[in-house]
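Student: What follows is a single structure, and I will ask about it in a moment.
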Amino acid sequence: MQWNRPALLAGLVAAATAAIGLVAVLPSAAQNPKDRQTGARELGSPDYGVCRGVDERCYHDWGNFDPSKGYKVLLFTRTAGPRHANLGPALGTGLNPVLAATSVVQNGVVALGQKNGFAVDWTEDLAQVSSPNQLFRYNAVIFFSTSRDTLDDAAQTALRQYIRGGGGFVGVHNAFGTEYNWPWYEGLLGGANYYDHGPAQPGTVRVVDRRDVSTAGLPQTWQLRDEWYNLVPAPTKVRVLATVDESTLAEGVEGSMGHPGHGDDHPVTWCQYYDGGRAWLTTLGHDGQIFGDGSAFPGAVQFQQMLVGGIRSAAGAAPFCR
């Protein structure tokens, strides 16, 4: 049998081309896992329709706060979903209900205020946050490990009007697992939201901006055990103050829902002006020992120092986001 050489060559080329095309469309699961990207892809830059970022012209200085009266903050810890153990049992109604010994966060923030010159009220009662005039009694509002749909319509409106009137906001840890379906609140967090986290484990916090009052005086690196939140979306238009070095997380950074981590840029603390107000944010603060003296929990003292700086700056008692 005689072969037609041109036809044979054409057939071989066609077969090779088909094979290359097959490889190109293999699903990612069939490819070498080592070839996968490190760090989550950005999902664009959402527009929250407000002035936000590090430009202080986004702030509204409308005279709603009188520094001569001192500084007072409201700590809000209501949970409408999972509740972190360091919050203790759900609080009673009203303002400043009785705290249990296990109310570590509430007792800890009150103690920090006593040591650092600001008063603290605390509540989980929506009736205490249902109007902007109630909130304007405070130089800053702290959401510490709130969860899910923690605010009703009246409280949402009050928070938004308070921020627009120059109020301060401090969001800590599971404040990022709160009000998922409210885009304005996601913007208040810096255009960021909790997605998942890997094992709670020790890691190295890196201070990347030491100009801010919340990070000035901290060591360049310090150790902390936390959950190391993975974020979707990741914060944008903010001043990142601290990150976690993912290479120090011995148990890995991949989260429970598959997030691969943020690679070389995994923010844990940042600040921004937002819609007329100030917002200081940190994903840290999971452990019940975070308010101890640091002898049994490395990083507790540094976390407290950073948190105090964030509270004071968001409240206007110190330069903000510098």
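So the sequence shown is residues -29 to -1, 1 to 293, counted in mature numbering (1 follows the signal peptide of the UniProt record, and there is no 0).
Built from N, CA and C at the ideal position, the CB exists for glycine as well.
(1) How many whole angstroms separate the CB atoms of GLY59 and ALA71, which I take to be in contact at a CB cut-off of 8 Å?
(2) LEU195 bridges to which residues according to DSSP?
(3) Nearest-angstrom Cα distance between ASP258 and VAL176?
(4) Helix or strand or just coil, what does DSSP make of GLY265?
(5) Following a CB-centred definition, is ARG177 positioned closer than 8 Å to any heavy atom of the ligand ADP?
(6) Should GLY280 and GLY138 be called a contact, given that it needs their Cβ atoms to be closer than 9 Å?
(7) For ASN57, which residues in the same chain have their Cβ closer than 6 Å to its Cβ, ignoring the five residues on either side in sequence?
(8) Check this for me: beta carbons of TYR200 and ASN110, under 9 Å apart or not?
(9) Which of the three DSSP states is assigned to TRP153 in this structure?
(10) Can the beta-carbon of VAL141 be found closer than 9 Å to that of ALA221?
(11) Buried or exposed: where does VAL184 fall if 16 or more other Cβ atoms within 10 Å of its Cβ makes it buried?
(12) For the alpha helix (DSSP H) holding ASN104, just list the boundary residues, first then last.
(13) Go ahead and label TRP33 buried or exposed: buried means 16 or more other beta carbons lie within 10 angstroms of its beta carbon, across all protein chains shown.
(14) Go ahead and pull the three-state DSSP assignment for LYS43.
(15) Helix, strand or coil: how does DSSP classify TYR133 here?
(16) Pull up the distance between the alpha-carbon of SER(-2) and that of TYR165, whole angstroms please.
(17) Measuring only the C-alpha atoms, how far is ALA82 from GLY174?
(18) How about the stretch 260 to 269 and the stretch 13 to 23: do they share at least three Cβ pairs that are nearer than 8 Å?
(19) Going by Cα to Cα distance, which pick from GLY10, TYR245, PRO269 is closest to VAL162?
(20) Looking at C-alpha atoms only, which residue of PRO68, SER102, HIS230, ASN145 is the closest neighbour of ILE134?
(21) Rounded to the nearest angstrom, what separates LEU202 and ALA129 at their Cα positions?
(22) Looking only at DSSP bridge pairs, what is PHE115 linked to?
(23) Between the Cα of THR253 and those of SER227, SER218, LEU159, spot the shortest distance and give me the residue it belongs to.
(24) Would DSSP call CYS242 helix, strand or coil?
(25) Looking at ASN67 and THR94, is the spacing between their C-beta atoms short of 9 Å?
(26) Does the beta-carbon distance from ASP120 to GLU150 come in below 9 Å?
(27) Mapping the DSSP letters down to three states, classify GLY24 as helix, strand or coil.
Tutor: Well, looking at it:
(1) That belief holds up - the Cβ atoms of GLY59 and ALA71 are roughly 5 Å apart, short of 8 Å.
(2) As computed with DSSP, LEU195 is found in a beta bridge with GLY174.
(3) C-alpha separation (whole angstroms): 15 Å.
(4) In this structure, GLY265 counts as coil in the three-state DSSP scheme.
(5) Summarising the ligand content, the structure contains no ligands, and the ligand ADP is consequently not present.
(6) Contact annotation: GLY280 and GLY138 have beta-carbon atoms that are not nearer than 9 Å.
(7) The residues are VAL75, VAL76, GLY259.
(8) The answer is no: Cβ separation not under 9 Å.
(9) The answer is coil: DSSP assigns TRP153 none of H, G, I, E or B.
(10) Using a Cβ distance threshold of 9 Å, VAL141 and ALA221 do not count as a contacting pair.
(11) Label assigned to VAL184: buried.
(12) Following the DSSP letters along the chain, one finds ASN104 inside the alpha helix (DSSP H) bounded by residues 103 to 106.
(13) With a 10 Å radius around the Cβ and a threshold of 16 neighbouring Cβ atoms, TRP33 comes out exposed.
(14) Reduced to three states, the DSSP call for LYS43 is strand.
(15) Looking at TYR133 - three-state DSSP - the assignment turns out to be helix.
(16) At SER(-2), the pLDDT of 36 sits below 50, so the modelled position is not reliable and the matter cannot be decided from this model.
(17) Spanning the two alpha carbons is a distance of roughly 26 Å.
(18) Segments in contact, no.
(19) The question names Val, yet the displayed sequence has Gly at residue 162. It is TYR245 whose Cα lies nearest to the Cα of GLY162.
(20) Nearest Cα to ILE134 within the set PRO68, SER102, HIS230, ASN145: SER102.
(21) Each residue's Cα considered, the two are about 26 Å apart.
(22) DSSP lists VAL143 as partners of PHE115.
(23) Closest option to THR253, Cα to Cα, is LEU159.
(24) When DSSP states are grouped into helix, strand and coil, CYS242 belongs to the strand group.
(25) The answer is yes: Cβ separation under 9 Å.
(26) Yes; because the gap between Cβ atoms is below 9 Å, this pair is in contact.
(27) GLY24: strand per DSSP, three-state reduction.
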